[in-house]
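Down below is the structure, laid out as structure tokens.
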Amino acid sequence: MEPVKKTSRLVAALAAGALALGLAACSPGSNNAGSTTGSSTTAPLLTLGQIIEPTSFDPAVSQEGNSMPYYQAVYDTLIKRAPDGRLEPMLATEWTYNDDRTALTLTLRDDVTFSDGAAFDADGAKANIEHFIETKGPQANQAASITSVEATDATTLVITLSEPDPSLEYSLASSLGFMASPDAIGSEDIASTPVGSGPYTLDSASTIVGSEYTFVRNADYWGDALPYDSIKFVLLTDETARVNALRSGQINAAVFTAPSTAQELESSGFTVEGQLGDFSGFVFFDRTGQLNPAFADPRVREALTISIDKEALLENVGQGRGELTNQIFPSDDFSYDKALDTDDRFAYDPDRAKQLLADAGYASGLTVTMPISPVFDPSIYTTIEQNFSDIGVTMERVEFGPGQTIPALLGGQFAITYFTLATFNDWTTVRQYLAPDAPWNSLKTEDADLAELIKAYQYATTDDERTTAGQAMNEYVVDNNWFGVFSRVLSTYGHDDTVSVELQTQQAVPSIYNYSPAN
Amino acid sequence: MGSPRQARGPRPRKAPHVLSFIAKRTLLALSQMLVISAVAFFLLYLSSSGIARTILGEQATEEQVAAKTAELGLDRPLPVRYVEWLLGVFQGDLGRSYFTPQDVSDALISRLPTTLSLLIATTIIAALIAFALGIAAAVYRGWLDRLVQILSIAGYAIPGFLFALLLVIVFAINLGWLPATGYVQLTADPLGWLKTVILPIAALSIGMIAATAQQVRGAVIDVLRQDYVRTLRSRGLSEREIIFKHVLRNASGTGLTVLGLQFVGLLGGAIVVEQIFALPGLGTVAIQYTSRGDIPVVMGLLIITSLIVAVVNLLVDLGVGFLNPKARVA
């Protein structure tokens, strides 16, 4: 036993020494690699920590969320999204719908060239959108309503739809809107060698695939130059590595996922920005009782939702980084209704949950099969299991390995899941979560009343109409317990004092246009 | 028990024995790799449903998923796919990544130098330190021996990842002497490479030093107790000559075997250390590609790591045979 005691003391001494040194941490800017020039408007380098690598630079298979900055560096979109979500001109200077909103006419810039020297025009834009449709990439749904694309002249593009698509303009500011050189589209090289008209070009010589991606300023950029001469993305998939890289000055900013990291960074003197984004809670796939007859009764779904102590879960597991909510629509959507978040009906109430189960004919309890994803903190599932047990519900676990959970969920194998899901604009939310063919409506629930409400939103022509229709749709989804939403997660974006950052609404990380050297 | 002459062993017919030994070991390694690859291939594909869905993303329709499944050949019988994959491997074609526009061989070979340079440097440094500590502890005994044993136990007790984090906090964040993350190619900038691998090597080598030093210490003590050592001393040979010319050669087989085992273990340790230091090596590949179910890359990784293990085992066996003729196998 003696050596063990000595070892323990040695480990304790080493840990104490390291902790002492760690507490004497340097100030965030003192060892910063991303130094700025004397000017307050330009700087040589911005280094960002990334949690995902670009799988391909072909815009037709581009990923969004954390991957967006890679593509924004080299590709311009037809429309630009401002940090607060407003749509602004980019490659398209203006755009208008016809009366029934089935044709969008865009006027394009005539002074843009791609980095290979090819000129940007309506034919090139048409070729890009058609390539996007043919490729059927991860964001293919963005073009689901497009029936034809016509270049009526060099600067006019007409996109015709089979039915109104309220998120088309948003899509044209996202993957669907990325414009690559028509000479590069369809070539194998574009996957690793992007050719766009964006503010930067990929510096292949300084890029290590799967590790570091360096973009240098496009000297011939048509628009306002961004403040940094080059941007380096460093792939740091491990949270601890990102923290260490930021603290040692190797990166200027990064997104973080562990709730405890925000406090760690703030105590080290870094700035932590955050915005309410993803929502967490139950997705009730089985609203008609296909897999578990009990789930057909909305009272059962409501009982399961209110059996969870959401506030305790947010405080204990989420470190308080978030807000309780009952709805899937974020506050900047037309459909958001603040009144739904203050509805006591969804407050933690195990007694009422038991009563609801009894009213639904399950007084003796029921068994629920819960898919367990390795992505989430195991204590979340333990809490759910315990809360379920308190109302007589037995939770059977089905464990999944990395990368296996989502295919199983979307394959319609489960009646319920706990998950954290991204928030979108209203129409993307409908297509992602509510429509009969939505991927997260995996058991294809069709509800005539909801279909009418969705249609009312789809055909709304003014913001007032969208608000009225959207809130009615939202209220229906909440009232019928399609989801059991717990909370909205406050994101964590940490940066040093050399950089000013504006977060991008409904996007996991800021767009590259949102960074500037701090004064 | 033995004598210096016996320990050196017979010299004739060395080359044919060595070639025969290498051929047998190579065949054994190939058959092992065949079995491992078959088991892994079937297990991976049988436990991975929804590959096409994962590739296409959440928004893909059922028709798109079905088309992708057919495009990747995932709707064909598993044994047929394995045979095709195996034939490709024998032709140097490890397939193509499901998620990135890269051939598997390109993806792995571009990362192999990072991991290999890290492991080889770690092994060399750990071997030098471990042999020095082990010999010193065995020869001088007393407080030095106790200190080496305490350090060895500490080396066992401190997990590599924890030691890595301590090193980063002290040397990268607080002192700013070395980078916390990142990697520079050895061929591009040797000094830059050295700066980026010092902390990872330190983190990886602590366990290796602890294990090897203990074994070397024990082996040297055993040899020092042999009759022939007493005979050598009685003949007036200096202690330095006895240690480095006779004792070390007879004791180092044990150390070499432990080093070989530790090297193989380092492949696993590299996964954690490469993550912490964001090194673009095979460990990082293992995490990234396994977590998203990129089976062609995982299978390629398996082949390469199996190959590394086979080569290291062969070299260790040859090394042990060279040092100790009694260990040679016909």
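Chain order of the listed sequences is A and B. Mapping of the first sequence onto the working numbering: position 487 corresponds to residue 569, and the numbering continues sequentially without gaps. Mapping of the second sequence onto the working numbering: position 93 corresponds to residue 127, and the numbering continues sequentially without gaps. For each residue, glycine too, the CB sits at the ideal point set by N, CA and C. All values derive from a computational prediction rather than experimental measurement.
Considering only residues of the same chain and omitting the five flanking positions on each side of Leu53 (chain B), which have a CB-CB separation below 6 Å?
Excluding positions up to five away in sequence, the list is empty.
Below 9 Å on C-beta distance, what does Ser138 (chain A) contact in chain B?
Simply Phe133, Thr134, Pro135.
Does the stretch 313–328 of chain A come within contact of the stretch 310–322 of chain B, defined as at least 3 CB pairs closer than 8 Å?
Yes, since at least three Cβ pairs between the stretch 313–328 of chain A and the stretch 310–322 of chain B fall closer than 8 Å, the two stretches touch.
Suppose you measure from the CA of Leu492 (chain A) to the CA of Thr353 (chain A); what does that come to, to the nearest Å?
Near 38 Å, if we compare the C-alpha coordinates of Thr353 (chain A) and Leu492 (chain A).
Output needed in chain order: residues of the stretch 503–535 of chain A with a Cβ under 8 Å from some Cβ in chain B.
Listed by position along the chain: Arg513, Gln514, Asp519, Pro521, Trp522.
Nearest chain C C-beta to Asp579 (chain A) closer than 7 Å, yes or no?
Among the protein chains in the structure shown, which are A and B, there is no chain C.
Mind listing which residues of the stretch 416–444 of chain A have their C-beta closer than 9 Å to chain B's C-betas, in chain order?
For the stretch 416–444 of chain A, which is checked against every Cβ of chain B, not one residue is closer than 9 Å.
Pick from B:Gly327, B:Leu150, B:Thr95, B:Ala170: whose alpha carbon is nearest that of Gly315 (chain B)?
Selected option, being the one with the closest Cα: B:Leu150.
Would you grab the beta carbon distance between Tyr157 (chain A) and Phe260 (chain A) for me? Rounded to a whole angstrom, and I think it's under 8 Å.
About 4 Å separates the two Cβ atoms, so the contact holds.
So, with DSSP's three-state summary, where would you put Glu384 (chain A)?
It is helical.
What do you reckon, are the CB atoms on Leu90 (chain B) and Lys102 (chain B) nearer than 7 Å?
Contact: yes.
Please classify Gly443 (chain A): is it buried, with 16 or more other beta-carbons within 10 angstroms of its beta-carbon, or exposed?
With fewer than 16 other Cβ atoms within 10 Å, it is exposed.
Please name the residue, chosen from A:Gly305, A:Asp508, A:Met477, that lies closest to Ser389 (chain A) on a Cα-to-Cα basis.
Cα-wise, what sits closest to Ser389 (chain A) is A:Met477.
What are the residues in the stretch 325–336 of chain B lying within 7 Å of chain A by C-beta distance?
For the stretch 325–336 of chain B, which is checked against every Cβ of chain A, the residues closer than 7 Å are Ser325, Arg326, Gly327.
Quick one: is Glu176 (chain A) buried, meaning 16 or more other Cβ sit within 10 Å of its Cβ, or exposed?
With fewer than 16 other Cβ atoms within 10 Å, it is exposed.
Just checking: is the beta-carbon of Pro592 (chain A) within a distance shorter than 7 Å of some beta-carbon in chain B?
It does not; no Cβ of chain B falls within 7 Å.
Would you tell me roughly how many angstroms separate the C-alpha atoms of Thr275 (chain A) and Thr159 (chain A), rounded to the nearest one?
So the two alpha carbons sit approximately 18 Å from each other.
On the criterion of 16 or more Cβ atoms from any shown chain inside 10 Å, does Thr178 (chain A) qualify as buried, or is it exposed?
Label assigned to Thr178 (chain A): exposed.
Counting only beta-carbon atoms, is Arg175 (chain B) nearer than 7 Å to chain A?
Cβ-Cβ to chain A under 7 Å: no for Arg175 (chain B).
Could you tell me the boundaries of the alpha helix (DSSP H) in which Lys208 (chain A) lies?
Here the alpha helix (DSSP H) through Lys208 (chain A) covers 204–217.
Is the shortest distance between the beta-carbon of Gly485 (chain A) and the beta-carbons of chain B less than 7 Å?
So, interface residue.
Measure the CB-CB distance between Pro136 (chain A) and Ser149 (chain A) and report whether it falls below 7 Å.
Yes.
Kindly indicate which three-state DSSP category Asp366 (chain B) falls into: helix, strand or coil?
For residue 366 (chain B) there is no data in the structure shown, the boundaries of chain B being 35 and 364.
Provide the residue(s) that pair with Met477 (chain A) in DSSP beta bridges, ordered along the chain.
BP columns for Met477 (chain A) point to A:Val450.
Around the Cβ of Asp391 (chain A), are there at least 16 other Cβ atoms within 10 angstroms (buried) or fewer (exposed)?
It counts as buried.
Can you grab the Cα-Cα spacing for the pair Gln588 (chain A) / Ser417 (chain A), in whole Å?
Roughly 15 Å between the two C-alpha positions.
Give me the Cα-Cα distance between Ala226 (chain A) and Lys208 (chain A), rounded to the nearest whole angstrom.
If you take the alpha carbons of Ala226 (chain A) and Lys208 (chain A), they lie about 16 Å apart.
Evaluate Gly270 (chain B) with the Cβ neighbour count: other Cβ atoms within 10 Å of its Cβ, from every protein chain shown; 16 or more gives buried, anything less gives exposed.
That one is exposed.
So what does DSSP say about Leu509 (chain A), is it helix, strand or coil?
Here residue 509 (chain A) turns out to be Trp, not Leu, going by the sequence shown. Correct three-state label for Trp509 (chain A): helix.
Under the assumption that Trp522 (chain A) contacts Glu92 (chain B) (Cβ atoms under 8 Å), give the Cβ distance between them as a whole number of angstroms.
With a Cβ gap of about 7 Å, Trp522 (chain A) and Glu92 (chain B) count as contacting.
Which same chain residues, not among the five before or five after Met242 (chain B), have their C-beta less than 6 Å away from its C-beta?
Around Met242 (chain B): Ala160, Gln296.
Could you list which residues in chain B have their beta carbon closer than 7 Å to that of Gln372 (chain A), in chain order?
The contacting residues do not exist; Gln372 (chain A) stays about 16 Å from chain B at best.
So who's on the other strand from Asp235 (chain A), going by DSSP bridges?
According to DSSP, Asp235 (chain A) bridges with A:Thr238.
Beta carbons nearer than 8 Å to chain B: which residues of the stretch 314–327 of chain A have them?
Listed in sequence order: Val316, Leu317, Leu318, Thr319, Asp320, Thr322, Ala323, Asn326, Ala327.
Hey, how far is the Cα of Thr407 (chain A) from the Cα of Ile184 (chain B)?
In a straight line, the C-alpha of Thr407 (chain A) is about 55 Å away from that of Ile184 (chain B).
Which parts of the stretch 65–123 of chain B are runs of the alpha helix (DSSP H), unbroken and 4 residues or longer, counting only runs that do not cross its ends?
Listed in chain order, the complete alpha helix (DSSP H) runs (minimum 4 residues) inside the stretch 65–123 of chain B are 85–90, 96–105.
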